[in-house]
Every structure is written in C-alpha cells, then in structure tokens.
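Below you'll find the structure, written out as structure tokens, and then a few comments.
Protein chains in written order, with the numbering used here: chain F, 1 to 101; chain E, 1 to 320.
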C-alpha cells in the first residue's frame, strides 16, 4: 500500500496510499469539505489522483472536479514532515465512509 | 451593550400622543387628566355598537376611533340620552378617544371626558386613513425590539447586518460598501424590531443616525460625505454576517450547503460567518454573500444545486 519513505529529515519523496470510495454518494460536497478540512490541518502537500489526474487535496473545487463516485479508486499522496500521519487520517475518512450512509 | 429584548405590554395615551401626535395631527380637546391611561392592545376600535348600548365583546383596551357614523348616531339622540350613552362608554375605562375628520366632539362628550379623565383627541385625517396609520404606529410601538451591536447596510435591496467584535472592521467594511454605491442604515448600534410578527426590521437610533465612527478618522456624516443616496432609514434584515478573527474560528464553512440561521427576537435570519485575515477584501465578501443570499431567497442554493448534479453524475457513471 505504502511506498517507502525516504530516510532522514529529507521528505521530498512523497508517500502514497491507495483508497477506494465506499460511501454511497461518492465524494460530493460534504465529504470533500471534510477531506479538505482534515487535509489543511497538516502542513504536508496533499494530492489526490484519479486515473492520472492529480488535484490539490486542500482544494474543494479540485476534489469535486474528480467526481469520484462509489467504487472509484484514488491514490492519496502526501509530501512533508507529517505526511505519514496525514495519509493515515485521510485514509480513515474513506474507511469511515465520511460519516455517511 | 444593551441587548435586552422586550415585547411592549402597554403604552400610555401620553406616549402615543407624544410619539405620533404630529403625524396623526392630534389635538387634545379634553380629558388631559387621563393621559396616563394605558393602551393595552396594538390596534384601534370603532365603538359604534358600544355607543348603541351593546357591550358584549367590547374592545375597551384599544384606542377608540369615532368617525362620521358615530357622530351621526350620537346626534340622533336627545341630549340626555347622548350623555348617558357616553357615560356608559367611558365607564368601561377606554384609554383614549380620537375623533377623525376634525369632527368637533359634542359638549356632552367633552364634559364627560373631563369628568372621567379620558383623553379626547381630534385628527384631521379621514377615518380610514386614521385607522390605518394609527394601527401601523401602534403595531410598531408594541413590537418586540432590541438593540444589536452591528452595522446595517443595504446591498442591492438585501439588508445585511454586519456583526463582530469591536475593532474587527465592521465600519471599514461598511465604508467600502458605501464607496461601491450601497447604502447605510446604521453604524455600530442598530435597533431592530419585529414587523407583523414576521420581518425583522433594522433602523438606527435617532441620535446617531447616519453617523459613522472610523478609527483614525473619527466621526463621519455619511449623508454629507456620500450623499443622500447612501443612506436608508430602515431596512429588513435579510442576512446576518459575522466577521470573525480567522485565527479564532473553529468551523469555517467551505461549501455552504447547510444554511445557518441566527435567531433575533424570535425570527430566524440566515447567517454566515466570514473569517477576517489581513488582505481579505471584506466588503467584496459581504457583497457576494448578500448576492448569494438573494439567489437563495429566489430558490437557488448554488452549493446544493451543484452537489445534486454531481451526485447524479457520479451515480450514472458508477452504473454505466
């Protein structure tokens, strides 16, 4: 699931994690807002990738543009000192179905 | 800041006379000793039936308005009978009596008003007009009202009450809105009251009307600086905007799908909180918030409409 983090203090190598959208309505406004709210708590750059298209994980409009419905596979990426923690929390949102359903 | 609210239970005939005497053209003809009498209902009554001797369901607590019909009826009676009817009427302790159309009350009416201490007024207005105006005025006198710490502006017909802690930039924001051609209702201290039990209306205290205090500049007379087009005496509150220090805000709205309300005097008014941080053009944000509110009142919620379309699209893609 996770690519290896580069060692030491140099975290220029982003971490990735694959997630699947399992909540029924997909990433609509509310989940997107929850994702962005969580993502902005971390200083790492967050990216969300769907079929080759990457958007900024701290941008609601970006996330909405992906139109990631139920069953969509996404790859989250994080680059920064708190990347690992960010990915853990963000991935948990997907597992928790964004508190929906 | 005073922010007690109170629904008025009663006003005295004197308060009514002082507040509206000029507009209604009231002249006190008799019964001055009874000016402390209390009006307890926010409307008027035509006492025709009462004068005819029918006192069941007599709305004695209201302002009693007499017009040509009552005058003609009383005139049809003998002097003694007339006096007796007037006495019966006054025994019910009505708060005050107004004759419309400048009708001069009969001698009996004047004497009994003095005897019973019931204020007797005369107004030049036609009966219908008098009733309408007096009812509106009473409605306002009795309306729940309070003072809000906030600046009230009118943005393209949308009344926006800008709230926030002192020094957060309410007045500067209003100033920038005035420069864009919108108008000011009141700065910093806004009086609100409920009209018709439905609309929350805002106006400014008489003393500080159209005055603005801007840090570093002092008091500004908006009417003189920006012209009469920049002021408005009264406006319905359609939106409450709270300017908040971005650092202290816990929950910053990012989508705007959940409409939030703030209750003022029992009326739920749409509310948005705008985070303030250096370099944000607050006036612009408040302006857009007002326009977006206009869309919502027209039945269009941008966030919701977009989201419904998005969910529909994702659903059909998932199927296909």
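For every residue, glycine included, the Cβ atom is placed at its ideal position computed from N, Cα and C.
Contact between residue 203 (chain E) and residue 189 (chain E) fails: their C-beta atoms lie close to 11 Å from each other, not under 8 Å. Using a CB distance cut-off of 8 Å, residue 289 (chain E) does not count as an interface residue toward chain F.
Per DSSP, residue 80 (chain E) is one residue of the alpha helix (DSSP H) stretching across 79-91.
DSSP places residue 56 (chain F) in the strand class (E or B) of the three-state scheme. Short of 8 Å from the beta carbon of residue 91 (chain F), and not among the five residues preceding or following it, lie these beta carbons of its own chain, in chain order: 17, 19, 76.
The beta-carbon distance between residue 41 (chain F) and residue 98 (chain F), rounded to whole angstroms, is 16 Å. This is too long to meet the 8 Å contact definition. Take residue 69 (chain F), set aside five residues on each side of it, and the residues of its chain with a beta-carbon closer than 6 Å to its own are 26, in chain order. Secondary structure in the region 119-204 of chain E: the alpha helix (DSSP H) runs of 4 residues or longer, each lying completely within the stretch, are 127-142, 170-179 in chain order. Under the DSSP definition of a beta bridge, residue 12 (chain E) partners with E:38. By DSSP's assignment, residue 76 (chain F) forms a beta bridge with F:17, F:48. Taken through DSSP and simplified to helix, strand or coil, residue 47 (chain E) comes out as coil. Three or more pairs of CB atoms, one per stretch, sit closer than 8 Å, so the region 32-40 of chain E contacts the region 9-22 of chain E. If you ignore the 5 residues before and after residue 259 (chain E), its C-beta comes within less than 8 Å of the C-beta of 270, 296, 301, all in its own chain and listed in chain order. Comparing alpha-carbon positions, the option among F:88, F:34, F:73 lying closest to residue 318 (chain E) turns out to be F:73. Comparing C-alpha distances from residue 292 (chain E) to each of E:242, E:213, E:175, E:158 shows the shortest one belongs to E:158. Contact check for residue 235 (chain E) against residue 154 (chain E) passes: the beta carbons are separated by less than 8 Å.
Along the region 58-82 of chain F, the positions whose C-beta sits under 9 Å from a C-beta of chain E are 60, 64, 67, 68, 69, 70, 71, 72, read in chain order. Within its own chain, no residue has a Cβ closer than 7 Å to the Cβ of residue 225 (chain E) once the five positions on either side in sequence are excluded. The DSSP-derived three-state label of residue 67 (chain F) is coil. When the five nearest sequence neighbours on each side are left out, the beta carbons in the same chain lying within less than 7 Å of the beta carbon of residue 255 (chain E) are those of 303, in order along the chain.
The CB of residue 315 (chain E) comes closer than 7 Å to the CB of 69 in chain F, given here in chain order. The beta-bridge partner set that DSSP reports for residue 242 (chain E) consists of E:163, E:273.
Note: residue 29 (chain F) is not bridge-paired with any residue in the DSSP secondary-structure output. Taken atom to atom, the span from the alpha-carbon of residue 211 (chain E) to that of residue 187 (chain E) is near 7 Å. For residue 63 (chain E), the uninterrupted beta strand (DSSP E) run begins and ends at 63-66, by DSSP. Across the region 34-46 of chain F, CB contacts with chain E closer than 8 Å involve 36, 37, in sequence order along the chain.
Three or more beta-carbon pairs drawn from the region 87-94 of chain E and the region 58-78 of chain E are found closer than 8 Å, and the two stretches are therefore classed as touching. In the DSSP annotation of this structure, the continuous segment of the alpha helix (DSSP H) that includes residue 293 (chain E) starts and ends at 282-297.
Segment contact: the region 96-111 of chain E against the region 25-39 of chain E, three or more CB-CB distances shorter than 8 Å; contact assigned.
About 4 Å separates the beta carbon of residue 26 (chain E) from that of residue 121 (chain E), a gap short enough to meet the 8 Å contact definition.
Proximity of residue 246 (chain E) to chain F, defined by a Cβ-Cβ separation below 8 Å, is not satisfied. Here residue 17 (chain E) is buried, its C-beta having at least 16 other C-beta atoms within 10 Å. The alpha-carbon of residue 95 (chain F) is positioned some 10 Å away from that of residue 89 (chain F). Measuring C-alpha to C-alpha distances from residue 101 (chain F) to each of F:23, F:84, F:57 identifies F:23 as the nearest. Contact with chain E is absent for residue 52 (chain F), since none of that chain's Cβ atoms lies less than 8 Å from the residue's Cβ.
In the displayed model, residue 52 (chain E) falls within coil according to three-state DSSP, outside both helix and strand.
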